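The structure appears right after this line, and notes come after that.
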Amino acid sequence: MFLTKISVRHPVFATMVMVALLVFGLYSYSRLSIEQMPNIDLPVVAVVVSYPGASAQSVENDIIKPIEDAVNSISGIDTLRSIAQQNAAMIIMMFDMEVSSVDAVQEVRDKIAGIEANLPDNADKPRVLRFDPNAMPIMSLAIRSDTLSSRELTQLADDVVVDRLRNIPGVGSADLVGGVPAQLDVLVDPDRLDGFGVSMSEVISAIRQNNLDLPAGTITEGAVSRAIQVEGRLEDVEDFRNIIVARTGGQAVRLGDVATITQGQGDEKSLAFINGERALAINIIKVQGANTVGVAKAVHKELERLQERELPPSVTIDVVADNAVPVEQSFHTVQNMIVEGAGLAVLIVFLFLNSWRSTVITALTLPISIIGTMTVLFALGFTLNMMTLMALSLSVGILIDDAIVVRENIMRHLHMGKNHVQAALDGTNEIGLAVLATTLSIVAVFLPVAFMDGIMGRFFLQFGVTVSVAVLISLFVAFTLDPMMSSVWHDPDSEPGARRGPLGRAVAKFDHFFEWCAGGYRALLRWCLRHRMTTLATAVVLFFASFALVPLVGFEVTPATDNSEFQVEVETPQGSSLDYTGQKVRQVEALLRTLPEVKRTYATVAGGQGVASNNAGTVVVTMVPPGERQLMPHEMTGPVRDLLAQIPGVKTIVGVSSGFGSLSKPIQVTAYGDSFAVLGDLTDQLAAKLAAIPGLTDVETSLQAAQPIVGIRVNRELASEAGISLQQVGAVLQPMLSGEEVSEWTSPTEQTYKLVVRLPEGERNSVELLSNLPISRNDSAVIRLGDIADIETSTGPAEINRQDLSRQVTVDANISGSNIGELMPRVQAAIDAIEMPAGYRMSMGGDAEQLGDIGSSAGSALLLAVVFIYLVLASQFGSFVQPVAIMMALPLSLIGVLVGLLIGGSTLNMMSMIGFIMLMGLVVKNAILLVDNANQHVREGWNLFDALVEAGVTRFRPIIMTTLAMVFGMLPLALSLHEGSSQNAPMAHAVIGGLISSTLLTLVVVPVMLTYTDSLSGLVKRVLRRREPAQHHPTPGAAETAPH
């Protein structure tokens, strides 16, 4: 081959090329970021709108429906979901994966801008956010003090800790949770307002107009230009009391006459606890593209400096969550598995070749291929993440495959008596096209994996590209470095009759045993070729019998992993206060800390991403190291649920977070329609049916308990007579009850306070006093709210969920003692048994939906892989029918896949499905080597029967050697010996099992199938000859002679 000739004739040049691959690869490796997951562009856009004081129904009607109508016309939206809660709305748009997230955000912003004027005046400006999976906090800190008050600790955290952290390169934001803000309260007395005839709007306007600085232009005197500033900022609390808010009867009414002004702290908006103790939390989010591990190290270094130099001794900062730890752990785990797998693969090579020189020549492919791949990863903007590292760890046995085949064939030519140079050239040339076809078959498999549809395709893009690049580099090394070194490095151990040491003699005994196995295989192959129907029937029976293992193996979306952490989501009744939820969360923490597996608990209330709620809290539980416990995080969910059931008044969800938001149960069924009454009846029926299914537990509906609501029904006729509009009523009540931040004030000590106008606590939290609140009319006379409105207490939905313009209610359940594959048909039967009214429907979601998406994506990738493999094989062998015989190895691998998963304790999941697709390229390698050699013998004049037998025996050694090298290269991953490696083990289980079964069956089934394809090819040619008798058809060389 061209590359081989250049390398053999110019060894120094070939060596420098390899050195260049290593140098560029090591440089690129030093520049690659280390991340948990690939940086992917997910076109998910969210719109968040705050609507203070509004009920969920008001939020749905006034905010969500107008926004839904506006954005629904945007092309490319796959799913439109909305959540209406008290005071807030969130609309989430999931676009087709082909849509750029930047374009999606811009289109949504344009639509929102068009309807913004139609939204309620007291609703905040809509915020359009782009979802970024890397925008989750990479670290969470807890700050505690035994001596400082909550306000003092918050000020210290704000002024010192947060500011220092935000200045660290790579840190995008540092958000404080559980802090108590400094606040200047203007507590307005309604009776004083009534007495002086002053309205709330006059108070707010006066404060805004008297506490501001205004630019007034510039003055230029000669060469000097001076800015003119009207300085109106108030410097002292007493100055606020003297603000004139109105004049009545010629007398000035000052702010101090109608309000009490207090300098203190605002209301707590969120809470944080560590091991049940109050603390402040800081969530650190990195900028896009920053190195997680690098940013985390910089944060740790800054924390040490702060603790030593700037913080009081009573203040401690604990790192309660650090995503860099599992990232580094995964990185080092994969590094170890690559080294271990490479060592085992090299050991197999030495066992078969019995030559340390041949082993070194072959093994050099591994570091050059892996390090060289780093150059391409860096050039493509990839990172070292779970996908790329997993690709490299699984590729160890594959990367050495080409080098094994080439070196083994070169040694075979050496044994023919050729010199080293000629043996290197002839051996590589003879096997070159077959090796090229096997490598292209692998690339043909992984390219479809790289371009699968949906989110799964985005995550596996880097996996497929990494494997493809690595095997192509290994092919280049096998065609250049291996023959070059074989030609210049004399290997006396490879010569027949070479004197060997004790180790060599021990290995030689294995060689004798292997020769005996090859003899047995020759006899078996002859028998199978003479009993073709029996051989095929046996393979077919084994294939269909393997499907009986599917129920035993089971299904799941992703395999469980041990990251020493699980979460508990806590929900208290609707309308619960922040303090009440905090008390319940502390009870949950106290019970969790009684478990021996628990090392630490860290909890937040109303501190999550997105729309926060006072009745929701999250507890992150850090477990003791795996060596000190017997249960994995996912195995803790059942015992923890039982333990927490003793706490009254709370609802809990226990699970292992996927890292993309809140926990969810694996079984989810969603009902769609317009009426909550009908939806509630339908979901109650379904919940009862699901609760009766063995294997389902914790069956619940998302239709939450009603939210207490105070309804103010304004009598329009009375209001009109009084000259008061509905808008004016709302504008007056909102600041009185919820408070309105009207300005900021900087104290003499340079501390910034929010200035909030509202009623005193006793009056703004009393339903009875609402009717006495004054409402100003146009002529400045004051009447009370009760004079123009009826005040009633009622209930309404606490949360309204919508999807694709319809309301929805979800029934969910956990799985206990079963798997989702067994339960899905029973759940579907329960759905089908419910009679649906017109306009209502139900559909399965959760893990069932994800399994369907994964199966669809994997099925498409599998189909494309089979097509591409056929194209490669047809091109290589110049035949339309021979590839059919070779591809018989594909279904035979399924037998081993299921057996391997069963023995390994794995399920059919996303990882094992990718492993099966990966097998498509690996299992045909052996068949290609066998058929290519048989074709060579046929071209030399052998009949097909003898050619197949001889090819099988000739290729028996390299086939077994490469298979064992791949198996042992993946063995460390399959055994999950390292912490955090269990999630990827199913892929190795599938590949190892499939390799073993397909190899054993390929050695006999493919030759048998080749005889049938040869007969079919001969029949076609005879038919063509009868139609064209005048033409002469030369007999093709490969596989055109029928067997005896």
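The sequence shown lines up with residues 2 to 1045 when you count with our numbering.
By construction, the Cβ of each residue, glycine as well, lies at the ideal position given by its N, Cα and C atoms.
If you're wondering where the values come from, they're calculated on a predicted model, not measured in any experiment.
Taking just the CA atoms, how far does residue j sit from residue i?
i: Met201; j: Gln184; result: 19 angstroms
i: Glu305; j: Pro987; result: 41 angstroms
i: Asp319; j: Gln728; result: 49 angstroms
i: Tyr581; j: Asn815; result: 27 angstroms
i: Leu188; j: Met911; result: 59 angstroms
i: Ser880; j: Met888; result: 13 angstroms
i: Ala364; j: Asp402; result: 10 angstroms
i: Val711; j: Ile776; result: 18 angstroms
i: Ser226; j: Leu215; result: 18 angstroms
i: Ile1047; j: Thr16; result: Limits of the chain in this structure are 2 at one end and 1045 at the other, which puts residue 1047 out of reach.
i: Ala1039; j: Phe878; result: Note that Ala1039 scores a pLDDT of 42, beneath 50, so its modelled location is shaky; the value from the coordinates is reported in the next line. Near 8 angstroms, if we compare the C-alpha coordinates of Phe878 and Ala1039.
i: Ser894; j: Leu996; result: 6 angstroms
i: Leu864; j: Val992; result: 18 angstroms
i: Leu504; j: Phe353; result: 13 angstroms
i: Gly576; j: Pro191; result: 26 angstroms
i: Val361; j: Val868; result: 37 angstroms
Please say whether residue j and residue i have beta carbons closer to each other than 9 angstroms?
i: Glu566; j: Val328; result: no
i: Val1009; j: Leu543; result: no
i: Gly233; j: Val757; result: no
i: Gly994; j: Ile904; result: yes
i: Arg145; j: Leu281; result: yes
i: Val478; j: Ile399; result: no
i: Leu462; j: Pro798; result: no
i: Thr1046; j: Val812; result: The chain is shown from 2 up to 1045; residue 1046 falls before or after that span and cannot be answered.
i: Val406; j: Ala343; result: no
i: Leu265; j: Asp186; result: First, the residue type needs correcting, since residue 265 is Gly and not Leu in the sequence shown. Their beta carbons are under 9 angstroms apart, which means Gly265 touches Asp186 by this criterion.
i: Asp79; j: Asp97; result: yes
i: Lys1047; j: Ala849; result: Lying before the first or after the last residue shown, residue 1047 is absent from the chain, which here runs from 2 to 1045.
i: Arg785; j: Ser767; result: no
i: Val651; j: Gln568; result: no
i: Val321; j: Val606; result: no
So if DSSP puts residue i in a beta bridge, which residue, or which two residues, is it bridged to?
i: Glu800; result: Gln86
i: Gln264; result: Leu185
i: Asn119; result: According to DSSP, which records beta bridges pairwise, Asn119 is partnered with nothing at all.
i: Phe556; result: Leu909
i: Asn815; result: Thr698
i: Phe96; result: Ile78
i: Tyr673; result: Gln809, Arg842
i: Ile821; result: DSSP lists no partner for Ile821.
i: Phe567; result: Val622
i: Val272; result: In the sequence as displayed, the identity of residue 272 is Leu instead of Val. Paired residue(s): Val606.
Rounded to the nearest angstrom, how far is the Cβ of residue i from that of residue j, given a contact under 8 angstroms?
i: Ile349; j: Ala966; result: 5 angstroms
i: Gln851; j: Val558; result: 5 angstroms
i: Asn616; j: Glu572; result: 6 angstroms
i: Leu390; j: Phe460; result: Incorrect: roughly 13 angstroms between the Cβ atoms, too far for contact.
i: Thr561; j: His635; result: Position check: residue 561 holds Ala in this sequence, whereas Thr was assumed. Right, their Cβ atoms sit about 4 angstroms apart.
i: Glu823; j: Gly906; result: Their Cβ separation, rounded to whole angstroms, is 17 angstroms, which puts Glu823 and Gly906 out of contact at 8 angstroms.
i: Val129; j: Val100; result: 15 angstroms between Cβ atoms; not a contact.
i: Val50; j: Ala90; result: 5 angstroms
i: Met843; j: Met837; result: 7 angstroms
Would residue i be called buried (16 or more neighbouring beta carbons within 10 Å of its own) or exposed?
i: Tyr28; result: exposed
i: Ala1; result: Residue 1 lies beyond the range of the chain shown here (2 to 1045); nothing can be said about it.
i: Gln937; result: buried
i: Ile654; result: buried
i: Glu61; result: buried
i: Trp746; result: buried
i: Glu69; result: buried
i: Val13; result: exposed
i: Ala124; result: buried
i: Ala21; result: exposed
i: Phe548; result: exposed
Please decide whether residue i counts as near chain D, where near means a Cβ-Cβ distance under 9 angstroms.
i: Gln568; result: Absence of chain D from the displayed structure is noted, only one protein chain being present.
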